[in-house]
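See below for the structure under consideration.
Residue numbers (the working numbering): 4 to 177.
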């Protein structure tokens with residue numbers, strides 16, 4: 004099972020995005036899981052959501068993380084936790100961002116630049132995020148140019164699906 008992490012769950016059309024992502028996984032011969040609060044009741048508490056997602060991550064053999072900046076110049080903190088958790092388990096990790104600008108450029112362009120030193124290694128995001136992917140999977144997938152609709156364009160996600168499918172076939176000796 005492939006855990007599909009990202010801030011997509013907060014979008015108004017999250018269920019539709021989830022269905023599209025799951026269909027792409029299925030077409031590649033993968034079983035994806037998009038973590039909406041299905042089956043947790045009408046208004047699940049935060050701990051119930053955390054526990055359910057943790058249980059899913061424990062079952063997953065890989066993660067595809069949407070690292071497109073969310074509510075600031077960097078990736079969604081929940082997604083970053085999920086990626087770090089999976090990397091810590093030695094799980095195969097891939098991720099993408101639909102914002103091709105380097106992290107330092109995004110910070111400088113935001114209201115978050117208050118004169119603090121900015122890590123400027125020319126990376127897609129914070130070095131710990133980028134190198135978790137390098138060490139436990141594949142480099143961050145980014146488009147050459149920003150897509151017209153970064154929350155609905157799944158081109159980079161599809162590239163990640165192909166990476167996971169190839170890794171899965173390699174593990175099975177196919």
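Yeah, the Cβ is synthetic: ideal placement off N, Cα and C, and Gly gets one too. Remember, it's a predicted structure, so these values are computed and weren't measured experimentally.
- CB-CB under 8 Å to residue 122, same chain, minus the five flanking residues each way: which ones, in chain order? Here residue 122 refers to the residue found at position 119 when the chain shown is read from its first residue. Same-chain partners within the cutoff: 106, 107, 129 and 130.
- Item | Classification of residue 112 by the beta-carbon crowding that lies within 10 angstroms, buried from 16 upward | For the purposes of this step, residue 112 is identified with residue 109 of the chain shown, where counting begins at 1. Exposed.
- Query: Would you call the CB atoms of residue 160 and residue 25 closer than 8 Å?
  - Reply: Along the chain shown, read from residue 1 onward, the residue named residue 160 stands at position 157. Along the chain shown, read from residue 1 onward, the residue named residue 25 stands at position 22. No, the Cβ-Cβ distance between residue 160 and residue 25 is not below 8 Å.
- Message: According to DSSP, simplified to helix, strand and coil, what is residue 95?
- Response: Locating residue 95 in the chain shown gives position 92, where the first residue counts as 1. DSSP places residue 95 in strand when its eight states are reduced to three.
- Can at least three beta-carbon pairs, one atom from the region 146-163 and one from the region 48-55, be found at a separation below 8 Å? no
- Neighbourhood of residue 29 by C-beta distance below 8 Å, restricted to the same chain and skipping five residues each side: Numbered from its first residue, the chain shown carries residue 29 at position 26. So the list reads 35, once near-sequence residues are dropped.
- Return the first residue and the last residue of the beta strand (DSSP E) that residue 2 is part of. Because the chain in this structure spans residues 4 to 177, residue 2 falls outside the shown range and cannot be described.
- Ordered list of alpha helix (DSSP H) runs contained in the region 68-147, each at least 4 residues: 80-91, 106-111 and 130-139
- Please check the pair residue 100 and residue 70, which I expect to be a contact at CB under 8 Å, by giving their CB distance rounded to whole angstroms. In the chain shown, counting from the first residue as 1, residue 100 sits at position 97. In the chain shown, counting from the first residue as 1, residue 70 sits at position 67. Yes, they are in contact, since the Cβ atoms of residue 100 and residue 70 sit about 4 Å apart, within 8 Å.
- So, residue 12 versus residue 39, is the Cβ gap smaller than 8 Å? Translated into positions along the chain shown, residue 12 becomes position 9. Translated into positions along the chain shown, residue 39 becomes position 36. Cβ atoms of residue 12 and residue 39: closer than 8 Å.
- Task: Tell whether a beta-carbon distance below 8 Å holds between residue 58 and residue 6.
- Result: Counting from one through the chain shown, the residue named residue 58 turns up at place 55. Counting from one through the chain shown, the residue named residue 6 turns up at place 3. Taking 8 Å as the Cβ cut-off, residue 58 and residue 6 do not qualify as a contacting pair.
- Look at residue 37 and residue 94 and say whether their C-beta atoms are less than 8 Å apart. Taking the first residue of the chain shown as position 1, residue 37 is located at position 34. Taking the first residue of the chain shown as position 1, residue 94 is located at position 91. Not in contact: residue 37 and residue 94 (Cβ atoms no closer than 8 Å).
- Message: So residue 149 and residue 109 are supposed to be a Cβ contact under 8 Å. How far apart are they, rounded?
- Response: Translated into positions along the chain shown, residue 149 becomes position 146. Translated into positions along the chain shown, residue 109 becomes position 106. About 11 Å; that fails the 8 Å criterion.
- Message: By DSSP's criteria, residue 7 is part of a beta bridge. Which residues make up the other side?
- Response: For the purposes of this step, residue 7 is taken as residue 4 along the chain shown, with counting starting at 1. DSSP lists 67 as partners of residue 7.
- For the alpha helix (DSSP H) holding residue 12, just list the boundary residues, first then last. On the chain shown, residue 12 is found 9 positions in, with the first residue counted as 1. Residue 12 -> no alpha helix (DSSP H), and no H or E assigned at all.
- Query: Grouping DSSP H, G and I as helix and E and B as strand, with all else coil, what is residue 160?
  - Reply: As a working mapping, residue 160 is identified with position 157 in the chain shown. Looking at residue 160 - three-state DSSP - the assignment turns out to be helix.
- Message: Using C-beta distances below 6 Å, list every residue in its chain close to residue 144, excluding the 5 sequence neighbours before and after it, in chain order.
- Response: Counting from 1 along the chain shown, the entry for residue 144 is found at position 141. Same-chain partners within the cutoff: 99, 159, 162 and 163.
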